[in-house]
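In this note's numbering, the protein residues as written are 23 to 602. Yeah, the Cβ is synthetic: ideal placement off N, Cα and C, and Gly gets one too. So the structure is just underneath, and the comments pick up after that.
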RNA sequence: GCCCCUGUAGCUCAGUUGGAUAGAGCACUGGUUUCCUAAACCAGGGGCCACAGGUUCAAUUCCUGUCAGGGGUACCA
């Protein structure tokens with residue numbers, strides 16, 4: 023029985039003595055926000071008072087007087103406020119929980135409720151038409167951390183990136199590159215309507231113009247080591263591609279541009295330490311006929327109809343506001359149909375659950391996508407869509423236009439150059455997913471102590487320093503153990519311990535709610551409690567017992583900071599350089 | 001018009017699936033170093049939790065409406 027169950031059971035049995043039986047009220051037991059209210063708090067007296075027509079505070083004190091607990095577990099029961107019953111755990115119980123964390127047993131194990139269920143988490147999936155921008159950085163931070171959180175809670179989590187390499191956009195990209203190349207050569211050119219005007223296209227064209235056949239092939243070799251076999255460079259040189267008929271020419275340029283951009287995107291992901299188990303290519307869906315098969319299945323399930331030379335999916339049957347085209351009047355599949363085939367294949371690949379991170383501009387796709395899955399016989403709730411709200415980047419006091427086509431956007435690489443990938447990831451994870459985020463680049467570039475990451479990193483580095491100091495004095499804390507830790511008694515030590523043992527709850531809670539930002543809040547709390555402990559308790563002193571106990575507490579704190587920083591994807595430094 | 005997100009300190013945001021006196025950072029005012037890293041710590045001021053109803057013993061939290069800001073509403077992806 024857990025401590026929570028023990029308290030609830032005892033409350034239930036004493037409630038019967040005053041006339042409240044199982045099912046009459048819910049026996050609540052929660053962790054109060056304010057630590058002075060104890061480790062657990064129950065409001066049953068408040069909830070029962072009306073039924074019994076009694077004063078809640080009196081009822082609470084009557085109950086509290088009847089409660090009996092093992093004094094090794096509960097040290098104190100008190101009445102507070104309008105009728106709360108507060109419980110305090112004993113120091114030895116808390117120390118035991120902390121040792122469980124260190125040894126990775128107990129609560130850290132019991133939150134692994136996933137039973138190795140296979141979950142697919144798709145994130146970023148940016149169009150391969152330009153360098154990854156900061157919107158993807160936010161998605162990457164959330165996605166990568168959620169994957170780690172799900173693993174920590176016992177799921178078999180699989181990170182996936184979907185590459186839209188088959189659509190019209192990639193052709194448009196190729197035409198844009200071709201136009202820029204002609205422009206550089208001083209030839210006549212017509213920039214395609216709606217083409218990509220980003221500077222990176224011009225840069226790509228400038229580089230391409232001097233490349234010979236071998237160099238172009240060599241550039242595609244970076245993909246040989248991974249599942250990117252389908253990404254290849256076109257034969258020949260840019261000059262030769264220009265000689266080809268219009269359509270062929272555009273194809274060669276598209277192929278080259280796709281190869282280059284995927285190279286950039288993958289490098290950027292590596293720089294942010296975002297790892298994907300699978301890069302899934304849309305073109306594969308066409309080649310494997312999965313699009314046709316998904317289409318046939320929808321058709322045979324009777325959820326499609328033809329109108330105006332196009333084929334429509336009857337998504338209004340599933341709560342969408344209008345029906346959607348899946349095959350255009352020119353006979354081509356829409357992106358939506360490809361997406362249906364993609365998700366259906368995810369399901370067929372054996373994932374028991376799929377989470378998909380999308381930008382706010384795609385929220386309208388949710389009803390139709392859910393509808394399509396249902397029409398294909400995929401269970402309700404299989405596809406979970408998480409909307410990540412927009413990031414507004416502010417520079418010189420004004421927002422930056424993030425449209426790729428206008429070419430004005432902040433790339434992930436630029437962000438990493440300015441503030442570092444660590445800092446960027448951490449900042450993205452300080453906000454909850456569905457809140458809009460204003461990111462002031464000028465402020466972030468300062469790299470000053472205003473930066474929340476440094477506070478946490480500093481705590482870790484400071485602990486390392488203290489541990490080194492201890493070793494210099496011949497104080498080796500060794501493995502934390504109850505006999506040594508029992509000498510801890512200062513309020514700052516106990517406050518830190520109480521904070522540390524929240525770890526399993528924090529991990530389980532943020533995994534379940536898909537709210538990785540709780541991790542950074544937790545890190546900030548831990549760092550804060552450590553700094554306070556440090557200032558109020560001299561760690562390395564003449565008293566051997568106290569010194570070793572405090573060093574062990576520091577060691578556990580360091581371990582937990584490092585673990586959570588690992589989930590966030592941020593390095594835990596051993597040293598902190600002097601500030602300028 | 002319809003759909004989604006948001007509205008909490010001067011600013012940026014938390015508030016653990018309804019709890020007690022609503023918190024943190026930044027900014028502002030003042031203090032702490034013969035001592036393990038001052039990127040730290042301590043103290044102080046600062047609030048109609050957008051507004052109005054409703055549910056509840058209890059609402060910043062849940063429901064409805066209003067107002068304000070952002071995004072979306074394609075045979076684009």
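Have a look at the DSSP bridge pairing and note the partners of residue i.
i	result
residue 328	333
residue 523	Paired residue(s): none; residue 523 is not in a bridge.
residue 366	Answer is none; residue 366 lacks a bridge partner.
residue 375	141
residue 98	110
residue 179	141
residue 414	460
residue 451	Paired residues: none, contrary to the question.
residue 408	379
residue 222	Bridge partners of residue 222: none, in fact.
residue 63	52, 108
Please report the straight-line C-alpha distance between residue i and residue j, rounded to a whole angstrom.
i	j	result
residue 65	residue 476	39 Å
residue 408	residue 457	12 Å
residue 50	residue 534	20 Å
residue 309	residue 186	14 Å
residue 505	residue 553	25 Å
residue 164	residue 455	8 Å
residue 518	residue 548	7 Å
residue 8	residue 528	Outside the displayed span of the chain (23 to 602) sits residue 8, for which this structure offers no information.
residue 122	residue 508	15 Å
residue 211	residue 203	9 Å
residue 562	residue 585	25 Å
residue 169	residue 435	23 Å
residue 93	residue 113	11 Å
residue 237	residue 161	34 Å
residue 539	residue 167	9 Å
residue 219	residue 295	29 Å
residue 426	residue 362	Since pLDDT at residue 426 reaches only 43, below the 50 mark, its modelled position is unreliable, and no value is offered.
residue 485	residue 558	15 Å
residue 494	residue 68	56 Å
residue 510	residue 460	43 Å
residue 583	residue 251	40 Å
residue 37	residue 371	52 Å
Excluding the 5 residues preceding and the 5 following residue i in the sequence, name in chain order all residues of the same chain whose CB lies nearer than 8 Å to its CB.
i	result
residue 349	317, 332, 333, 355, 356, 359
residue 474	448, 449, 452, 542, 546
residue 131	none
residue 503	121, 574
residue 282	226, 241
residue 27	none
residue 344	337, 338
Ignore the nearest five residues each way along the sequence and tell me which others in residue i's own chain have a CB closer than 6 Å to its CB.
i	result
residue 412	382, 458
residue 99	86, 89, 109
residue 347	332, 334, 356
residue 390	337, 342, 346
Going by beta carbon distance, what residues of the same chain come within less than 7 Å of residue i, once the five residues before and after it are set aside?
i	result
residue 385	409
residue 437	156, 159, 446
residue 272	193, 196, 197, 200
residue 570	497, 499, 506
Is residue i buried or exposed, if buried means 16 or more other CB atoms sit within 10 Å of its CB?
i	result
residue 291	buried
residue 137	exposed
residue 155	buried
residue 39	exposed
residue 243	exposed
residue 444	buried
residue 232	exposed
residue 304	buried
residue 395	buried
residue 24	exposed
residue 189	buried
residue 184	buried
residue 366	buried
residue 401	exposed
Regarding residue i and the ligand NAD, is the C-beta to nearest heavy atom distance less than 7 Å?
i	result
residue 68	Ligands are entirely absent from the displayed structure, and the ligand NAD is therefore not among its contents.
> Does the count of Cβ pairs from the stretch 326-339 and the stretch 161-180 closer than 8 Å reach three?
Replying inline: As far as the Cβ criterion goes, the stretch 326-339 does not touch the stretch 161-180, which means the pair count is below three.
> Within the chosen definition, does the stretch 489-505 reach the stretch 516-524 through at least 3 CB pairs nearer than 8 Å?
Replying inline: Counting Cβ pairs under 8 Å, fewer than three are found: no touch.
> Do three or more CB pairs link the stretch 191-202 to the stretch 270-283 at distances below 8 Å?
Replying inline: Per the Cβ contact rule, the stretch 191-202 is in contact with the stretch 270-283 (3 or more Cβ pairs under 8 Å).
>> Does the contact criterion of 3 or more C-beta pairs under 8 Å hold for the stretch 97-109 versus the stretch 249-264?
In response: At 8 Å Cβ cutoff, the stretches do not touch.
> If we count Cβ pairs, one from each stretch, closer than 8 Å, do we get three or more for the stretch 371-380 versus the stretch 140-148?
Replying inline: Yes, the stretch 371-380 is in contact with the stretch 140-148.
> At a cut of 8 Å, does the stretch 551-570 reach the stretch 509-518 through at least three beta carbon pairs?
Replying inline: Verdict: yes, contact present.
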